[in-house]
Amino acid sequence: MIDIHSHILPEVDDGSFDMICSIEMAEMAAESGVEAMIATPHCNQRGCFENYTSEELLGRFRTLKSELKHSDVPLELYLGMEVFGTEDAAELYRDGRLLTLNGGRYMLTEFDFGAEAHFMDTVLYNLLNAGCTPIVAHPERYVALQYSYGIVEKWLGDGMGIQLNKGSFSGRFGRGAKRLAYELLEQGLVTCIASDAHGVTTRTPDLGDIYEYLAMEYSPELAELLLKNNPRRILQSKPLVKAQEILL
């Protein structure tokens with residue numbers, strides 16, 4: 137499996153708090169069957185977790201990769217960001233301050249949980265017009281979409297990606313997020329499922345359970361698409377496959 141959303145990079149946001157925690161997260165991920173992971177620290181959260189492109193950030197990433205190799209953890213690590221959607225996000229991308237996933241075409245993009253659908257739509261299409269393709273992080277957690285999620289199908293139709301959190305299916309983020317996660321899944325309005333891991337006790341990087349659940353309750357083909365094939369396409373900057381092609 138490939139996990140495109142994780143907060144494994146140490147001491148940069150509310151995820152891993154030190155190198156030991158990061159190594160433990162990597163070990164847990166690998167033991168669950170994850171072979172590759174993208175480190176996506178929070179970025180562009182003004183006054184909180186800014187984490188714009190810098191030598192310091194790149195250095196932390198290189199150090200973690202080196203420590204994983206030294207510790208013989210069988211996990212390939214790539215770099216990206218979870219970019220907080222703001223009015224000037226497209227401009228920041230053009231200025232080279234934001235990283236895409238593995239340096240490719242896709243950018244993991246999140247929003248304030250209370251953001252309006254129109255605002256999200258504007259930011260996403262500004263990024264698309266600036267030359268990168270958004271992967272919308274955990275849309276099931278945005279209140280506006282819990283009331284009306286029709287816009288998600290439009291985003292998918294225009295080549296964007298939809299990433300759901302594994303924890304949403306167990307109710308980790310509340311009933312509204314759980315309901316919408318299942319609705320998006322059953323309608324085929326999802327590109328991939330990721331851990332959004334922040335540690336090893338809660339919000340962990342273990343993807344084994346969600347893979348088994350999807351394979352048993354839906355189909356092995358769907359589990360492969362959402363946890364292996366589309367994440368690999370994201371890593372390789374290839375066009376995404378719609379889950380509807382398998383479900384319908």
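Using the numbering used here, the letters of the sequence shown correspond one by one to residues 137 to 384. Glycine residues also receive a C-beta, built at the ideal position from the N, C-alpha and C atoms. Computed from a predicted structure; not experimentally measured.
According to the DSSP assignment, Phe197 belongs to the alpha helix (DSSP H) that extends over Glu191 to His206. Put simply, the backbone Cα of Asn366 is about 15 Å away from that of Gly293. Note on Asp154: under 16 other CB atoms within 10 angstroms of its CB, so exposed under the neighbour-count rule. Between the alpha carbons of Leu263 and Glu322 lies a distance of about 28 Å.
Residue state for Cys157 is assigned as helix, using DSSP reduced to three classes.
Taking 8 Å as the cut-off, the beta carbon of Met173 is found closer than this to the beta carbon of Ser142.
Following the DSSP letters along the chain, one finds Pro356 inside the alpha helix (DSSP H) bounded by residues Pro356 to Glu360. Runs of the alpha helix (DSSP H) spanning 4 or more residues and lying entirely within the segment 214-248 occur at 225-230, in chain order.
Excluding its 5 nearest sequence neighbours in each direction, Ala226 has C-beta neighbours in its own chain below 6 Å: Asn262, Leu263 and Ala266, listed in chain order. Its Cα nearest to that of Lys205, the residue Glu163 stands out among Pro375, Gly239 and Glu163. Within the same chain, Cβ atoms closer than 6 Å to the Cβ of Asp332 are found at His141 and Asn301, the five residues on either side in sequence being excluded. Of the candidates Val377, Leu376 and Leu371, Leu371 places its Cα closest to the Cα of Ile138.
Distance from the CA atom of His178 to the CA atom of Ile382, rounded to whole angstroms, is 32 Å.
Taking the Cα positions, Tyr283 is about 9 Å away from Leu316.
Distance from the Cα of Ile144 is smallest, within the candidate group Glu171, Ser168 and Ala175, for Ala175. By alpha-carbon distance to Gly297, the top candidate from Gln181, Thr245, Thr199 and Val279 is Thr245.
Here Ala313 carries a helix assignment [DSSP, helix/strand/coil]. For Asn366, the secondary structure class from DSSP, reduced to helix, strand or coil, is helix. Out of Pro210, Arg233, Arg368 and Val170, the CA that lies nearest to the CA of Glu186 is found in Arg233.
8 Å or more divides the Cβ of Trp291 from the Cβ of Leu320. For the pair Met256 and Val219, the CB atoms are not nearer than the 8 Å cut-off. The three-state secondary structure of Ile144, taken from DSSP, is coil. With distances taken between CA atoms, Ile271 lies nearest to Leu235 out of Leu235, Gly250, Phe305 and Val279. Between the alpha carbons of Pro275 and Gly250 lies a gap of roughly 11 Å. With respect to the 8 Å criterion, Lys314 and Gly324 are not classified as neighbours on the basis of their beta carbons. Asp224 sits exposed, since fewer than 16 C-beta atoms from the chains shown fall within 10 Å of its C-beta.
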